[in-house]
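What follows is a set of notes on a single structure, which appears directly below.
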Amino acid sequence: MFLKVSLITAVTVVGYIIAQSRFKLSVELSMLVAGLVAAVAGGNWLPLRHIAEGSVAYIDLALIFFTATLFMNIIKTAGGLDYAVRAIMTRFGKLRAVALILLMFIMLIPGAITGSGSVSVLVSGGAVALALATMGISRQRIAAIVFLLAGLSAVAPPVSVWAMMTCAGTAIPYVGFELPLGIPVLVLGIFTVLWLGLPRSESVGDVAVSLPKVDPDVTAVRTLVPFVVVFGLVIAARVWPFDMPILGLPLVFAIGAIVAYLLNVKKVNFLNVATDTVTQLLPLLTTIIVIGIVIQMLTLTGVRGLVSYAVIAMPLWLIFSLLPITIPVSEGALGFGGAAVIGIPLIWTFNSMGVHPTIALSGLSLLWCLGDALPPSAIIGRLTVQTVGYKGSYGSFVKACAVPWVLITIVGTLMVVFSRELSFLVRV
Amino acid sequence: MSRQVLGKAIIAVLALIVLVVGGKELYDHRHYPEPVVLGPGVTRVESLSDYHAPLKGTTNDAKVYVLEGQEEGGGVLVLGGTHPGEVAGILAAIVMVENAVPIKGDLYIIPHISRSGSTGTQPTGAFPLYYEIETEFGSRKFRMGDRVTNPLDQWPDPDVFIHYPEGQSLSYVEIRNINRCWPGRPDGTLTEQTTYAAMQLVREKGINVVIDLHEAELLYPVTNCIVAPTKSATIAALAQINLGMDFDIHTEPSPSGYRGLSHREVGDYSDAYPFLFEAPEPFLDQPTGPKTQELLLEGVDEFLLAAGRKGLLFVEYDETGKPIELRVGRHLHTLLGVLSEWNWSSACPPGREIELECPDYYDLIENGVGAFLRDPDAVGPDQVVFD
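The listed protein sequences derive, respectively, from chains Z and G.
Everything in the first sequence is counted per our numbering, starting at 108 for the first residue and increasing by one.
Everything in the second sequence is counted per our numbering, starting at 14 for the first residue and increasing by one.
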């Protein structure tokens, strides 16, 4: 079994490399080819049922991406983003550090409430990027700020999906996570935004975009009411959970989009914006579908199990040492599936060795959020680059994240290693 | 037609073929009628909707098999398929329906409490759609399901699930997990209404003992065990002492801070004594080879054997694996052990004892599960129920 599955793993990787380098296929098609190669190598030939099943694994995420982007694109087309940026910068622009920290909270809130970093990018990313540009920050650094804050927003309480999913699989109550998740997110968020945002760009082409002009008919009501509706619906579901119907985030954003459109009927051609949104998101939606198929194939052939085994079979010191690699890579390869494939067995292993699960899981969540910039999926990384309009190479964007990335990694890893000493943070 | 349009048309047709051919298998699985033969002890078949009318016509209107004893006594509710991927619980419940005969007291058995979950698959899980148990008359085929309610029956999920009535926040997917939705809500989600119906059954029939049959990973400490809240702990502990002579078993306390679980809420919201049994199922572990029927039924896996050699597992595990007859046998034997202790315990009111004849661990180990499954074609149509 070990030899067979190892060979399938090798053949899968080779299939991906050949598809990309020899046949010049896109990342998405190369991943699909690799998944199909894995299936054939595992003796499953063309498993149509598994392809169909895997392709819908992340359909909820795809719907959220579409409806949230449509919502923001309507606001943007109506001039709402320009209005919001102008309002923030005219009030706080001269207090650079204060403005940066305020923008940090604008990025953190959507992800903290929904558990989704991509929602932070889609809802706040565009406006925050524009505001940062007016402060003379380079596009490369803007992309890094938006991505890292979006990642931290997904870790932030009250909703951290990685922690919740691992808790669900390990029968650990999702309680007591407020401080272990909240304190590092705030400290690391402030460091990130100040480290990347305080220095002005020296590059001539990048320097200070002037504040956008705003049409007189763009008003606070037209801009803010759609956001109030979206956040109102999300918060109402928490305040009155047993009285509110379950709408789900896709419908919440769809309602927000309709409200935004109705408030700006004269300025927005709904069909054009919807069509542009589909075109804009096509590569990302394709990735989500293909990732589901590939994970299904890796499970079908035992590759997923081998990866999971390889992680937990290491001695504890080696597990700790490799966490900065294994955890983000699992996220890059499997999305939230990483929490199930590696997180659950890891927490059980830790638990039996006396590691405090709540603190360890909080530390792991910090590491998981970094993986959203890593291939093959790199979903939030790519979404960020697209949203902020960064035209440089993807590698240069990742490079700009380096210093906060290292600090987040150190904090996350130390939280796992010193979980018992930090257990005072858990207040139940 | 330009080459680009032609290319797109070809891709669209290919996608449609995948969708139709691949989707057909999933459609057939969802609608596969699973036969259950009514055994000598079954006196009537009810539905969950008899206890909560809004469930009528829904996928979760599960069958409730009632086996009334020759003498009056207590009542026991047996739940299988809370998590439909934990198949030993379902098979143990079906073996009881087809073989058990109560002497004293009444049995209420629900093999598919999460019937909706049994009609779904786990995307990216690559599970087999069915599993077949060999018998003397051929094989009996069963649906392999997902852990949670099928999204075709309950969707969308919220971004966070808030448990009713305790208000605890849980992962969004748990809103479709039967064993996070106890004690249920009459106007809640399908999953909450299902547990509410079962709670109504417990209350209306004066059920004394509720037994929820599960399976767990070998990497998970809560396996090979009985989970019980404080009120059931003495019975569980005494049963464990006796059962310990037959196989490894221990008791685990039901955590008071973790809401929605049957072993917590059934006891808190009714007079019944809840117990949850966990048998070891290697198929559920993450570090395994392909998720095949063989792994599901034989429970032999090289990755887990290697993990066992490194001391990572919480149960003894060798090349003999964890075959289905061992897991079903454990459940039945543990159930008989718990009921035996119930009869002796101070918790059992006079006249509420429960006694039954049922295959036990040794019967299953010696003869296999197939020996206790009846042939649906050998009995009249009124003796077969499709679940």
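Ideal placement from N, C-alpha and C gives every residue a C-beta, glycine not left out.
Treat the numbers as computed from the prediction; the structure is a model and nothing was measured.
Query raised in the report: Based on the DSSP output, what are the partners of R216(G) in its beta bridges?
Result: What you label residue 216(G) is simply residue 203 of the second sequence in a count that begins at 1. DSSP output for R216(G) lists no bridge partner at all.
Query raised in the report: Do we get a CB-CB distance below 7 Å when we pair A117(Z) with the residues of chain G?
Result: For the purposes of this step, residue 117(Z) is identified with residue 10 of the first sequence, where counting begins at 1. Output row for A117(Z): interface = no.
Report task. Please classify P293(G): does DSSP put it in a helix, a strand, or coil? Result -> By one-based count along the second sequence, residue 293(G) stands at place 280. Correct three-state label for P293(G): strand.
**Report entry** Beta-bridge pairing of L120(G) - partner residues as DSSP gives them
**Finding:** The residue labelled residue 120(G) in the question sits at position 107 within the second sequence. DSSP lists L80(G), V89(G) as partners of L120(G).
Query - Reduced DSSP secondary structure (H/G/I, E/B, other) of L183(G) - result: Stepping through the second sequence from its first residue, residue 183(G) is reached at position 170. Residue state, collapsed to three classes: strand.
Query raised in the report: Of all the CB atoms in chain G, is at least one closer than 7 Å to the CB of M460(Z)?
Result: Here residue 460(Z) refers to the residue found at position 353 of the first sequence. By this cut-off, M460(Z) is not an interface position.
Query raised in the report: Interface residues of chain Z around Q396(G) at Cβ under 9 Å?
Result: As a position in the second sequence, residue 396(G) is number 383, starting the count at 1. Per Cβ cutoff of 9 Å: no residues; Q396(G) is ~33 Å from chain Z at best.
Requested in this report: Label Y5(G) either buried or exposed according to how many other C-beta atoms from any shown protein chain fall within 10 Å of its C-beta, with 16 as the threshold for buried.
Outcome: The first residue shown for chain G is 14 and the last is 400, placing residue 5(G) beyond what the model contains.
Query - Reduced DSSP secondary structure (H/G/I, E/B, other) of Y209(G) - result: Locating residue 209(G) in the second sequence gives position 196, where the first residue counts as 1. Helix at Y209(G).
Report task. Quick one: list the residues of chain Z neighbouring V31(G), beta-carbon separation under 7 Å, in chain order. Result -> As a working mapping, residue 31(G) is identified with position 18 in the second sequence. Result: L155, I158, A159.
Query - Selected residue, minimal CA-CA separation from P234(G), among I279(Z), I342(Z), V335(Z) - result: For the purposes of this step, residue 234(G) is identified with residue 221 of the second sequence, where counting begins at 1. The candidate whose alpha carbon is nearest that of P234(G) is I279(Z).
Query raised in the report: Straight-line CA distance for V33(G) to R128(G)?
Result: Residue 33(G) sits at position 20 when you count from the first residue of the second sequence. Residue 128(G) sits at position 115 when you count from the first residue of the second sequence. So the two alpha carbons sit approximately 25 Å from each other.
Query - Per-residue DSSP class, three states only, for P352(Z) - result: Locating residue 352(Z) in the first sequence gives position 245, where the first residue counts as 1. DSSP places P352(Z) in coil when its eight states are reduced to three.
Query raised in the report: Three or more beta-carbon pairs under 8 Å between the region 315 to 335 of chain G and the region 68 to 78 of chain G, yes or no?
Result: no
Query - Within-7 Å CB hit, A139(G) to chain Z - result: Position 126 of the second sequence, counted from the first residue, corresponds to residue 139(G). Yes, contact with chain Z.
Report task. Establish whether the CB of A316(G) and some CB of chain Z are separated by less than 7 Å. Result -> As a position in the second sequence, residue 316(G) is number 303, starting the count at 1. Per the sequence shown, residue 316(G) should be read as Phe rather than Ala. Yes, because at least one Cβ of chain Z sits closer than 7 Å to the Cβ of F316(G).
Query raised in the report: So, does the CB of V311(Z) fall closer than 7 Å to a CB anywhere in chain G?
Result: Sequence index remark: in the first sequence, residue 311(Z) carries index 204 (1-based). Model confidence at V311(Z) stands at a pLDDT of 40, short of 50, so the residue's coordinates are unreliable and nothing is read from them.
Query - Contacts of S182(G) in chain Z (Cβ-Cβ under 7 Å) - result: The residue you call residue 182(G) lines up with position 169 of the second sequence. In chain order: P265, Y281.
Query raised in the report: Per DSSP, which one or two residues make a beta bridge with D284(G)?
Result: Sequence index remark: in the second sequence, residue 284(G) carries index 271 (1-based). Looking at the DSSP assignment, D284(G) forms no beta bridge with any residue, so it has no partner.
Query raised in the report: What does C274(Z) reach in chain G if we use C-beta pairs closer than 9 Å?
Result: Position 167 of the first sequence, counting from 1, holds the residue named residue 274(Z). Result: L183, S184.
Report task. Mark P154(Z) as exposed unless 16 or more other C-beta atoms lie within 10 angstroms of its C-beta, in which case mark it buried. Result -> By one-based count along the first sequence, residue 154(Z) stands at place 47. Burial call: buried.
Requested in this report: Check the Cβ of I175(G) against every Cβ in chain Z and list those closer than 9 Å, keeping chain order.
Outcome: For the purposes of this step, residue 175(G) is identified with residue 162 of the second sequence, where counting begins at 1. Residues of chain Z passing the Cβ test: A344, R345, P348, F349.
Query raised in the report: Any C-beta of chain G sitting closer than 7 Å to the C-beta of P390(Z)?
Result: On the first sequence, residue 390(Z) is found 283 positions in, with the first residue counted as 1. No, P390(Z) lies away from the interface with chain G (no Cβ there is under 7 Å from its Cβ).
Requested in this report: Please name the residue in E285(Z), G243(Z), R246(Z) whose C-alpha comes closest to that of I220(Z).
Outcome: On the first sequence, position 113 is the one that residue 220(Z) refers to. Taking only the C-alpha atoms, the option nearest I220(Z) is E285(Z).
Report task. Name the two residues that bound the continuous beta strand (DSSP E) containing A229(G). Result -> Within the second sequence, numbered from 1, the residue matching residue 229(G) stands at position 216. It spans 222 to 229 - the beta strand (DSSP E) in which A229(G) sits, taken as one unbroken run.
Query raised in the report: Contact between the region 175 to 183 of chain G and the region 196 to 203 of chain Z: three or more CB pairs below 8 Å?
Result: no
Query raised in the report: Using the beta-carbon of each residue, which ones in chain G are nearer than 7 Å to G412(Z)?
Result: For the purposes of this step, residue 412(Z) is identified with residue 305 of the first sequence, where counting begins at 1. Within 7 Å Cβ-Cβ: Q299, P300, T301, G302, F316.
Report task. Indicate whether L207(Z) and V300(Z) have their beta-carbon atoms separated by less than 7 Å. Result -> Counting from one through the first sequence, the residue named residue 207(Z) turns up at place 100. Counting from one through the first sequence, the residue named residue 300(Z) turns up at place 193. Yes, Cβ-Cβ distance for L207(Z) and V300(Z) is below 7 Å.
Query raised in the report: Three or more beta-carbon pairs under 8 Å between the region 193 to 210 of chain G and the region 262 to 279 of chain G, yes or no?
Result: yes
Query raised in the report: Taking the alpha-carbon positions, what's the G118(G) to L80(G) distance?
Result: Along the second sequence, read from residue 1 onward, the residue named residue 118(G) stands at position 105. Along the second sequence, read from residue 1 onward, the residue named residue 80(G) stands at position 67. C-alpha separation (whole angstroms): 9 Å.
Report task. Tell me S260(Z)'s beta-bridge partners as DSSP assigns them. Result -> Here residue 260(Z) corresponds to residue number 153 of the first sequence, with the count starting at 1. In the DSSP output, where bridge partners are listed per residue, S260(Z) has none listed.
Report task. Would you verify that the beta carbon of M108(Z) is, or is not, closer than 7 Å to some beta carbon of chain G? Result -> For this step, residue 108(Z) is matched to residue 1 along the first sequence. Yes, M108(Z) counts as interfacial toward chain G.
Query raised in the report: Which residues, taken in chain order from the region 133 to 165 of chain G, show a beta carbon closer than 7 Å to some beta carbon of chain Z?
Result: T134, P136, T137, G138, A139
Query raised in the report: In this structure, does DSSP put K183(Z) in helix, strand or coil?
Result: Mapped onto the first sequence, residue 183(Z) falls at position 76. Reduced to three states, the DSSP call for K183(Z) is helix.
Query raised in the report: So, L348(G) versus V223(G), is the Cβ gap smaller than 7 Å?
Result: Here the question's residue 348(G) lines up with position 335 in the second sequence. Here the question's residue 223(G) lines up with position 210 in the second sequence. No, Cβ-Cβ distance for L348(G) and V223(G) is not below 7 Å.
**Report entry** Contacts around V311(Z), its chain only, beta-carbon distance under 7 Å, and the 5 residues preceding and following it disregarded
**Finding:** Residue mapping note: residue 311(Z) aligns to position 204 of the first sequence, counting from 1. With a pLDDT of 40 at V311(Z), under the threshold of 50, the predicted position of this residue should be treated as unreliable, and no value is reported.
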